[in-house]
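Protein chains: 2
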Amino acid sequence: MKTKQTVFYNNPPTIIGSYSIVGQKEGDGPVGKYFDKTIIDAKIGEKTFENAEIRMLTDAINGAISAAGIRKNDVDLMISGDLLNQVTSSNYVARSFDSPYLGVYSACSTMTEALNLASTFIDGGKFDTIACSTASHFATAERQYRYPLEYGCQRPPYSQWTVTGAACSILSKSGNGPKITAGVIGKVIDYGTNDLNNMGAAMAPAAMNTMAAMFKETNTLPSDFDLIITGDLGKLGSDILRKLMREQGYNLGKEYIDCGHLIFDGSQMCYQGGSGAACSGTVFNSFVLNRLNSGMYKNVAYFATGALMSTQSCYQGETIPCISHAVIVEGQK
Amino acid sequence: MKTKQTVFYNNPPTIIGSYSIVGQKEGDGPVGKYFDKTIIDAKIGEKTFENAEIRMLTDAINGAISAAGIRKNDVDLMISGDLLNQVTSSNYVARSFDSPYLGVYSACSTMTEALNLASTFIDGGKFDTIACSTASHFATAERQYRYPLEYGCQRPPYSQWTVTGAACSILSKSGNGPKITAGVIGKVIDYGTNDLNNMGAAMAPAAMNTMAAMFKETNTLPSDFDLIITGDLGKLGSDILRKLMREQGYNLGKEYIDCGHLIFDGSQMCYQGGSGAACSGTVFNSFVLNRLNSGMYKNVAYFATGALMSTQSCYQGETIPCISHAVIVEGQK
Chain A
1 MKTKQTVFYN
11 NPPTIIGSYS
21 IVGQKEGDGP
31 VGKYFDKTII
41 DAKIGEKTFE
51 NAEIRMLTDA
61 INGAISAAGI
71 RKNDVDLMIS
81 GDLLNQVTSS
91 NYVARSFDSP
101 YLGVYSACST
111 MTEALNLAST
121 FIDGGKFDTI
131 ACSTASHFAT
141 AERQYRYPLE
151 YGCQRPPYSQ
161 WTVTGAACSI
171 LSKSGNGPKI
181 TAGVIGKVID
191 YGTNDLNNMG
201 AAMAPAAMNT
211 MAAMFKETNT
221 LPSDFDLIIT
231 GDLGKLGSDI
241 LRKLMREQGY
251 NLGKEYIDCG
261 HLIFDGSQMC
271 YQGGSGAACS
281 GTVFNSFVLN
291 RLNSGMYKNV
301 AYFATGALMS
311 TQSCYQGETI
321 PCISHAVIVE
331 GQK
Chain B
334 MKTKQTVFYN
344 NPPTIIGSYS
354 IVGQKEGDGP
364 VGKYFDKTII
374 DAKIGEKTFE
384 NAEIRMLTDA
394 INGAISAAGI
404 RKNDVDLMIS
414 GDLLNQVTSS
424 NYVARSFDSP
434 YLGVYSACST
444 MTEALNLAST
454 FIDGGKFDTI
464 ACSTASHFAT
474 AERQYRYPLE
484 YGCQRPPYSQ
494 WTVTGAACSI
504 LSKSGNGPKI
514 TAGVIGKVID
524 YGTNDLNNMG
534 AAMAPAAMNT
544 MAAMFKETNT
554 LPSDFDLIIT
564 GDLGKLGSDI
574 LRKLMREQGY
584 NLGKEYIDCG
594 HLIFDGSQMC
604 YQGGSGAACS
614 GTVFNSFVLN
624 RLNSGMYKNV
634 AYFATGALMS
644 TQSCYQGETI
654 PCISHAVIVE
664 GQK
């Protein structure tokens with residue numbers, strides 16, 4: 001069966017293990033208890049924040065491998081991406097694994113791009129066990145996209161806070177765990193937002209586009225899912241998404257939440273909430289999978305969202321193209 | 334059939350159309366007559382070099398769509414990547430197409446990463462028609478990785494020259510043209526080179542690693558191929574590769590050439606030759622496919638190679654991790 005954006009899997013891969021590691025702020029947030037590990041020192045004893053990000057990503061992959069009960073050599077393929085120029089963290093982490101590796105770039109929607117690709121490889125019998133991972137770090141993202149921390153720049157009220165963390169899912173052709181039954185590949189959508197701080201407003205139309213395609217192509221309604229979760233639109237972005245979806249004829253009720261909105265609470269001064277590739281990556285690989293594994297959720301639609309600009313494109317006056325890739329995950333029967 | 338790095342396709346996709354567009358210098362080079370289009374003005378009338386790169390990439394995709402005899406709406410999926418931070422050119426080009434889109438990052442090996450992914454999607458019956466594309470531009474790459482052109486920096490004799498160009502292949506589940514029968518996914522290899530200018534020496538070990546895996550896993554020898562072509566090792570890098578392959582027990586004879594070595598000649602002052610994602614992308618989508626289509630080549634192994642550092646990682650004293658992904662392409666019987 002083939003439709004325009006949704007890919008259905010005849011041999012749905014199983015998520016046999018996962019791991020999430022976050023910074024202190026994320027660990028103190030509303031879903032803090034679900035994360036596998038919280039780091040206290042944002043540099044984890046490394047010389048640079050970039051090396052700390054590499055260290056977190058390495059730990060997340062090794063943690064997921066352990067959780068899956070497999071060995072490092074059982075990983076047939078690694079798919080990873082992150083926010084840094086040239087997906088540096090992922091490339092440097094891949095050096096320490098002896099597996100074929102595919103680097104992907106989809107900004108904050110990296111986790112779902114990786115899950116989509118891995119599911120296609122497993123569905124087609126090309127690889128048996130695939131590690132999908134991503135990372136972001138507040139300090140590395142700030143100095144690359146905006147200003148180094150030392151600058152002490154004031155943040156606008158519609159901004160979000162890049163999540164410090166890393167996450168990994170291990171997908172397998174067999175085993176116990178939730179199954180990825182379908183993937184939805186996003187289109188690049190640009191409604192003309194050009195404010196580097198207003199990620200939620202920029203990304204909401206892309207989330208709407210992919211979500212509407214998913215409902216149509218799977219012939220479902222929001223109420224058919226126990227949970228519909230978006231990447232990191234934050235409070236403002238998820239309010240915009242609810243409005244845009246109403247215009248498309250879909251009423252997102254209490255089954256809809258946003259990872260960016262969920263990960264921090266108002267007292268943490270992160271304004272609209274969390275962002276960054278690790279935002280939905282860590283929430284999915286902890287809170288969401290925990291509830292799928294426990295049987296609390298039977299089926300989840302997970303839409304990670306990404307803003308695809310660079311600082312260069314913004315300096316040159318361009319608006320921000322955005323994308324959202326999704327996966328549908330079903331708990332064990 | 335499944336082996337460690339090589340993926341065999343049961344339903345091998347056909348390359349039904351391709352297009353290559355290059356700058357003046359590339360058009361003046363030894364394979365200039367094979368390119369579909371040569372631009373005279375490096376900005377193509379655009380305000381910035383970045384916009385010129387976006388324009389070239391757009392033209393390459395539209396050109397390949399025309400060459401394939403299909404319409405823009407027939408493209409089910411776009412896969413693209415480039416050298417710019419956050420694969421900007423690809424993301425901005427994707428705005429103007431109404432197809433699902435996957436951004437990939439594999440530096441100069443982007444073309445073969447995209448062909449590998451597209452082949453897996455088509456082999457599994459997920460999409461019918463996929464556009465795989467990449468681009469690079471001397472002026473955008475120089476100012477991002479090294480110095481802006483105005484600086485007039487002197488280049489060391491072991492350096493290569495980033496190719497200005499863009500290329501696209503259209504893969505289809507049916508139709509006439511060469512077929513991709515297998516893909517090989519590379520591992521990240523780092524032999525400790527840390528000189529941002531010496532890409533050939535950095536990437537040769539990664540090419541060796543993937544090439545040796547391919548020969549072993551397909552049970553072939555160099556003489557079994559009409560052409561073995563690497564991405565952009567240049568003269569120095571391809572000499573190193575010949576030596577490394579001899580140590581692995583494989584003698585690369587006259588069937589082996591390197592796109593970086595091929596694209597410029599000595600009089601063009603590009604030192605070791607060409608580099609950049611468009612280097613092997615344009616040579617494959619012109620010279621190589623032309624000879625596959627004419628029947629001159631029956632089977633080709635195409636290894637694009639990529640250096641996965643960022644300027645940030647190099648400033649921080651890191652060495653350069655590299656990768657090479659490959660595809661095996663067979664001419665029509």
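The listed protein sequences derive, respectively, from chains A and B. Numbering of the first sequence is given in the numbering used here, commencing with residue 1 and proceeding in unit increments. Numbering of the second sequence is given in the numbering used here, commencing with residue 334 and proceeding in unit increments. For each residue, glycine too, the CB sits at the ideal point set by N, CA and C. Since this is a predicted model, take the numbers as computed values, not measurements.
Beta-ladder partner(s) of residue i, from DSSP
i: residue 228 of chain A; result: A/256 and A/301
i: residue 498 of chain B; result: B/355 and B/469
i: residue 127 of chain A; result: According to DSSP, which records beta bridges pairwise, residue 127 of chain A is partnered with nothing at all.
i: residue 663 of chain B; result: B/512 and B/632
i: residue 16 of chain A; result: According to DSSP, which records beta bridges pairwise, residue 16 of chain A is partnered with nothing at all.
i: residue 38 of chain A; result: A/22
i: residue 377 of chain B; result: Beta-bridge pairing links residue 377 of chain B to no other residue.
i: residue 485 of chain B; result: Per DSSP, none; premise fails for residue 485 of chain B.
7 angstroms Cβ shell around residue i - same chain, five flanking residues per side excluded
i: residue 1 of chain A; result: Any answer about residue 1 of chain A is weak, because its pLDDT of 43 lies below 50 and its placement is not dependable; what the coordinates show is given next. Result list for residue 1 of chain A: 8, in chain order.
i: residue 184 of chain A; result: 5, 6, 210, 213, 214, 325 and 326
i: residue 561 of chain B; result: 555, 585, 588, 589 and 634
i: residue 534 of chain B; result: 526, 569, 570 and 573
i: residue 436 of chain B; result: 413, 414, 420, 423 and 424
Contact list for residue i against chain B, beta-carbon separation under 7 angstroms
i: residue 91 of chain A; result: 521, 641 and 654
Partner residues on chain B for residue i, Cβ-Cβ distance less than 8 angstroms
i: residue 318 of chain A; result: 425
i: residue 5 of chain A; result: 433
i: residue 181 of chain A; result: Correct list: empty, because the minimum Cβ distance to chain B is about 14 angstroms.
i: residue 50 of chain A; result: 645, 646 and 649
i: residue 113 of chain A; result: 435 and 436
i: residue 81 of chain A; result: 438
Own chain, CB closer than 6 angstroms to residue i, minus 5 neighbours either side, in chain order
i: residue 281 of chain A; result: 111, 134 and 167
i: residue 238 of chain A; result: 258 and 261
i: residue 470 of chain B; result: 382, 386 and 497
i: residue 530 of chain B; result: 489 and 492
i: residue 377 of chain B; result: 385 and 388
i: residue 117 of chain A; result: 79
i: residue 619 of chain B; result: 353, 367 and 368
i: residue 289 of chain A; result: 18
i: residue 25 of chain A; result: none
i: residue 631 of chain B; result: 559 and 664
i: residue 511 of chain B; result: 348, 625, 662 and 664
Reduced DSSP category for residue i - H, G, I as helix; E, B as strand; rest coil
i: residue 240 of chain A; result: helix
i: residue 615 of chain B; result: helix
i: residue 263 of chain A; result: helix
i: residue 338 of chain A; result: Past the edges of chain A, shown from 1 to 333, lies residue 338 of chain A, and the structure says nothing about it.
i: residue 657 of chain B; result: strand
i: residue 234 of chain A; result: helix
i: residue 171 of chain A; result: strand
i: residue 387 of chain B; result: helix
i: residue 159 of chain A; result: coil
i: residue 365 of chain B; result: helix
i: residue 607 of chain B; result: strand
Same chain, Cβ closer than 8 angstroms to residue i, neighbours up to 5 away in sequence not counted
i: residue 220 of chain A; result: 214
i: residue 153 of chain A; result: 146 and 147
i: residue 458 of chain B; result: 344 and 506
i: residue 218 of chain A; result: 6, 182 and 328
i: residue 641 of chain B; result: 439, 440, 521, 653, 654, 655 and 656
i: residue 402 of chain B; result: 349 and 350
Under 9 angstroms by beta carbon: chain A residues contacting residue i
i: residue 626 of chain B; result: Within chain A, no residue comes near residue 626 of chain B; the closest Cβ sits about 27 angstroms away, beyond 9 angstroms.
i: residue 453 of chain B; result: 117, 120, 121, 124 and 126
Residue-level contact to chain E via CB, residue i, 8 angstroms cutoff
i: residue 505 of chain B; result: This model lacks chain E altogether; the protein chains it does include are A and B.
Beta-carbon neighbours of residue i, restricted to chain A and to distances below 8 angstroms
i: residue 410 of chain B; result: 185
i: residue 388 of chain B; result: Under the 8 angstroms cutoff, chain A gives no residues; its nearest Cβ is about 14 angstroms from residue 388 of chain B.
i: residue 440 of chain B; result: 86
i: residue 437 of chain B; result: 102, 103, 104 and 105
Beta-carbon neighbours of residue i, restricted to chain A and to distances below 7 angstroms
i: residue 428 of chain B; result: 188, 190 and 321
Identify every run of the beta strand (DSSP E) within the region 394-455 of chain B, keeping only runs that are complete inside it and at least 3 residues long; order them along the chain.
-> You should have 410-415 and 434-436.
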